[in-house]
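Top to bottom, those sequences are chains W and X. Position 152 of the first sequence, counting from 1, maps to 150 under our numbering, and the rest follow consecutively. Position 145 of the second sequence, counting from 1, maps to 128 under our numbering, and the rest follow consecutively. Step one of this worksheet: look at the structure below.
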Amino acid sequence: MKTHVKVAAAAVAAGLLAAAGCSSSSSSGSGSGSGGGVVKLSVLTGFTGPDGPSYQALVSQFNASHPNIKVTMDIQPWDAIGQKLPAEWATGQGPDLATPNFDPGVIFNYIKTNSVLPLDASVGTGDAQINSSAFPSSVTKAFTVNGHLYAVPANLATVALYYNKAMFTAAGIADPPKTSDEFVADVKKLTLGGASPTQYGISLADHQTIEMWPILQWMNGGDIVGPDGCATINSAASVQALSTWAGLVQNDHVSPVGQTGADADTLFSAKKAAMELNGPWAADGFRKAGIDVGIAPVPVGSAGPVTIASTVPMMIAKNTKHKTEALEFLSWWTGKTAQAAFSKSSGFPPSRTDVTVDDPNVAVFAQALPTARLYLAGLPSSSQIDSDVYTPLLGQLTRGADAQKSADAAAKSINQLTGCKS
Amino acid sequence: MAHLAEPAAEAANRSAPRGPERRERGRSPRSRFNPAYLFVAPALLLAAVFIVWPIIQSGWMSLHDWTIGDDSHKWLGFGNYTELFHDSRFWNSLKVTLVYAVFVVVGQVTIGLALAQWLRRTTWYTMLLRSAFFFPTIASLAVTGIVWKFLLDPQVGLVDGWLGKLGFHAQAWLQDTHLALPALIAVGIWKNFGFSMIVLLAGVQGVSKELLEAATLDGAGAVARFRHVTLPALRPAILFCVVIGTVNALQLFDLTYVMTDGGPLFHTESIVMYLYQRGFVDFRLGYASAIAWVLFLIIIAVSVVQLRMLRYRDDD
């Protein structure tokens, strides 16, 4: 019996130890609070790239100028944020502010679950307010749902045309293309080696990238989805643009097929492609790769100047205990001073159209802001349209599928996802 | 052993005092509580909380329209399963997963068996080769995927670079719809054959030398000895490799996520990859749970079939 008591005691002790081991790791997590008159705000972002220090510097600058608020920025991979933030915010936990995803379309998921705070109380034109009219109109439109502003741009970028100056010189081309016709001609001329190219005219990516193909469609009046939520991917202009560029890839081998964004960057960095459509974040890497790189506006087609914009939404948790301070932080973040400083340190254009940019390389991206468009903006089903319809469509077209038939099938799928009845 | 044990047990029964035995039998089951249960209780508790409960919970979620963050979840019954049945992308991912599993398991066990037979004697160079072949097994799947993606890059990759020097055209291994899955299978086999080799090597080295000598004296050649002596002796080890390899292969995710992201055009999209897409990209956890349950049932069914087909008895 004594033995049994000892054994039982040992087992209970083992159990308690195990429980203690489990609980020791459960106390971490992002939290917020106030102590000593200083309000602590937690911000969760996914800026794991080389631009991360620029965001940290902005937070430090805010903390230095706001002694009553201390902002702490936690940086985690986008996938990790996507897996935990929806449940955290829906249950009143998690950070005070966050960038839920790099895809602005994701804001609908949070609005639907009533997890985010409308920012209307702070919207205005004063210095200490969120001046949404200073953002590019496409951005304000994308972040406004049912008349309420729910997010501000944590960053904003446009896509421009990177080109390898040495390759242009070798091909006898003096300047980067300015029109869509010149663009096509140059892309062909800069492709060397026939069916097994030794040099590609352009490095196009069709997945895991900032979208390049919508620019090619928009240039000549095409689109993917109209303002009414109905597909326009099979309109005459869209099909013609898709058919032209898919033909260039398929028949003229101007770009490899099926590249990710990283593949496309590697190709351009390896001096195997003469041009690439990319954002400001790529400039440093290309220069470090030893390329004499030029940056020019996207060539203009029949529909006028246009490019794609990319923005990361920053939102406030509905249940934050520090709404006033969180709104103050966003007002400051989107203010002229902060945006000018961020643009200078990161090479990104400012999120506002009323901030002057001196650096000519950044100016190329900033000048495109007024005519830049967001990809599948304002559509709750944007991520599904992208992953289930548009990206597969590009894959089919660049592998020889019929443009009109494929676009018709894609239009049908898009209309099912958006609920378009026409 | 059984013949020896029985008389001893009978003797023990005969010599045991009858009275105390009766009292022992008369005690309530509660008084005969085995303290071993207390030792396994923490582990059982952890398993219940982190394995059994999530399985049950996912089954419950699969019967609802369960979106992450939603306040309420609409009851669908078997609606998610019905949708799954008509979902061509699910069937495609199932086909991709099964093709991958069949080729990888057959490949890794066949190559592992051949290497185990070749490297069964222990010398300095067999030890070196065993270590080299086993190395991919201990490397992380994500790292393996990144390295192979780089090696197979048609523009800057080493494989196409060497093929080009030999006069072959560069192949877009991971971008070509016909080559992507075979390339993934090849990497899967390369990653796993070392594990099969080590398990089977232990089996090969345990084959009775007497039996092999007897077979040789009876005139059996190398092939006949392998087929009629070595192979039957390896049956438990082969079964182990096949079952473990199949269960792993059916859960294919890391490799395809890193190397192809399920592309080109879903040609390498596995079930788990599709589950991830629906659950953690589209936030449809109910539908993703239904996919998980179908995969769970498939793994059970395949494992049962394998155990039946490769069953053995110790006295075989």
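Quick reminder that beta carbons are idealized off the backbone N, C-alpha and C, glycines included.
- Residue state for tyrosine 161 of chain W is assigned as strand, using DSSP reduced to three classes.
- Between the alpha carbons of proline 347 of chain W and serine 308 of chain W lies a gap of roughly 11 Å.
- Considering only beta carbons, the part of the segment 128 to 152 of chain X lying closer than 8 Å to chain W consists of Asp136, Pro137, Gln138, Val139, His152, in chain order.
- Contact check for glycine 177 of chain X against phenylalanine 117 of chain X passes: the beta carbons are separated by less than 7 Å.
- Shown here, lysine 139 of chain W sits in a helix according to DSSP, grouped into three states.
- Contact between threonine 160 of chain X and arginine 397 of chain W holds: their C-beta atoms lie close to 7 Å from each other, under 8 Å.
- Taking 7 Å as the threshold, the shortest C-beta distance from proline 219 of chain X to chain W does not fall below it.
- The continuous stretches of alpha helix (DSSP H) do not include arginine 261 of chain X, and DSSP gives it neither H nor E.
- DSSP lists W/Ala271 as the beta-bridge partner residues of tyrosine 198 of chain W.
- For alanine 152 of chain W, the secondary structure class from DSSP, reduced to helix, strand or coil, is strand.
- Using a Cβ-Cβ cut-off of 9 Å, valine 69 of chain W is close to nothing in chain X; its nearest Cβ partner there is about 25 Å away.
- In the structure shown, the three-state DSSP call for proline 51 of chain W is helix.
- In the same chain as serine 343 of chain W, and ignoring 5 residues on each side of it, the C-beta atoms closer than 7 Å to its own belong to Ser52, Ala55, in chain order.
- Isoleucine 168 of chain X and arginine 210 of chain X have their C-alpha atoms spaced approximately 28 Å apart.
- Taking 7 Å as the cut-off, the beta carbon of valine 57 of chain W is found no closer than this to the beta carbon of threonine 177 of chain W.
- A residue is called buried once 16 or more other Cβ atoms fall within 10 Å of its Cβ, and histidine 320 of chain W is buried on that count.
- Between isoleucine 105 of chain W and leucine 117 of chain W, the C-beta spacing is not below 7 Å.
- At a cut-off of 7 Å between beta-carbon atoms, serine 201 of chain W makes no contact with chain X.
- According to DSSP, residue pairing for leucine 39 of chain W in a beta bridge involves W/Val69.
- The segment 69 to 87 of chain X makes contact with the segment 220 to 236 of chain X, as at least three CB pairs between them are under 8 Å.
- For the segment 387 to 405 of chain W, the beta-carbon criterion of a distance under 9 Å to any beta-carbon of chain X is satisfied by Thr389, Pro390, Gly393, Gln394, Arg397.
- When C-beta atoms of the segment 217 to 227 of chain X are compared with those of the segment 240 to 248 of chain X, fewer than three pairs fall below 8 Å, so the two segments do not count as touching.
- Restricting attention to W/Leu39, W/Gly122, W/Tyr148, W/Asn61, the CA atom closest to the CA of methionine 313 of chain W is found in W/Tyr148.
- One alpha carbon belongs to serine 253 of chain X, the other to alanine 235 of chain W, and they sit about 36 Å apart.
- 7 Å or more divides the Cβ of leucine 124 of chain X from the Cβ of tryptophan 156 of chain X.
- Nearest in C-alpha terms to glycine 219 of chain W, of all of W/Ala239, W/Asp352, W/Leu265, is W/Ala239.
- Where leucine 238 of chain X is concerned, the enclosing alpha helix (DSSP H) starts and stops at 237 to 242.
- With its beta carbon at least 7 Å from every one in chain W, phenylalanine 236 of chain X lies outside the interface.
- Three or more Cβ pairs drawn from the segment 270 to 290 of chain X and the segment 37 to 53 of chain X lie within less than 8 Å of each other, which places the two stretches in contact.
- Residue state for valine 310 of chain W is assigned as strand, using DSSP reduced to three classes.
- Exclusion of the five residues before and after valine 291 of chain W leaves Tyr160, Tyr161, Asn162, Lys163, Ala281, Phe284, Arg285 as the residues of its chain whose Cβ lies within less than 8 Å of its Cβ.
- Fewer than three pairs of CB atoms, one per stretch, sit closer than 8 Å, so the segment 121 to 140 of chain W makes no contact with the segment 247 to 264 of chain W.
- When DSSP states are grouped into helix, strand and coil, histidine 205 of chain W belongs to the strand group.
- Of the candidates W/Pro98, W/Asp173, W/Asn153, W/His251, the residue whose Cα lies closest to the Cα of proline 84 of chain W is W/Pro98.
- Using a C-beta cut-off of 8 Å, the segment 131 to 145 of chain W makes contact with the segment 362 to 370 of chain W, since at least three inter-stretch Cβ pairs fall below that distance.
- When beta bridges are read from the DSSP output, valine 121 of chain W appears opposite W/Ile128.
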